[in-house]
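Written below as structure tokens is the structure these notes are about.
Numbering (my numbering), first residue to last: 1155 to 1239.
In structure tokens, the structure reads:
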């Protein structure tokens, strides 16, 4: 699972539960809202759904966003990842 969320105070974030995204290098966002995660090995992991139109401007403005990995109900890791729009 990979979800995009927007907190009106802290801004956009990506929440996921996939350990192989731990070393993500960047979040790639195109003008239409399609997203992919650039992995450390250079491969791309596309997000199944594109961003909702209301989230798109926040991700385009962001220089980076938190990548938050969940393990069940606890946060397993939390680190910033650059956004390339």
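Cβ atoms here follow ideal geometry from the backbone N, Cα and C, with glycine treated the same way.
Closest Cα partner of residue i within the set the options
i, options, result
"residue 1159", "1221, 1233, 1230 and 1227", "1221"
"residue 1233", "1178, 1216 and 1200", "1178"
"residue 1171", "1157, 1202 and 1187", "1157"
"residue 1215", "1173, 1176, 1169 and 1184", "1184"
"residue 1235", "1191, 1173 and 1203", "1191"
"residue 1202", "1196, 1176 and 1187", "1187"
Where the alpha helix (DSSP H) through residue i begins and ends
i, result
"residue 1211", "1210-1215"
Euclidean distance between Cα positions of residue i and residue j
i, j, result
"residue 1189", "residue 1181", "7 Å"
"residue 1237", "residue 1227", "26 Å"
"residue 1217", "residue 1239", "9 Å"
"residue 1223", "residue 1229", "6 Å"
"residue 1155", "residue 1208", "20 Å"
"residue 1225", "residue 1168", "14 Å"
"residue 1210", "residue 1163", "16 Å"
"residue 1200", "residue 1161", "23 Å"
"residue 1206", "residue 1166", "12 Å"
"residue 1212", "residue 1174", "25 Å"
Bounding residues of the beta strand (DSSP E) (the contiguous stretch that carries residue i)
i, result
"residue 1231", "1228-1238"
"residue 1224", "1218-1225"
"residue 1200", "1198-1200"
"residue 1205", "First-last for residue 1205: undefined, no H or E at that position."
Any non-hydrogen atom of the ligand NAP closer than 7 Å to residue i Cβ
i, result
"residue 1190", "Absent from the structure shown: the ligand NAP. Ligands present: none."
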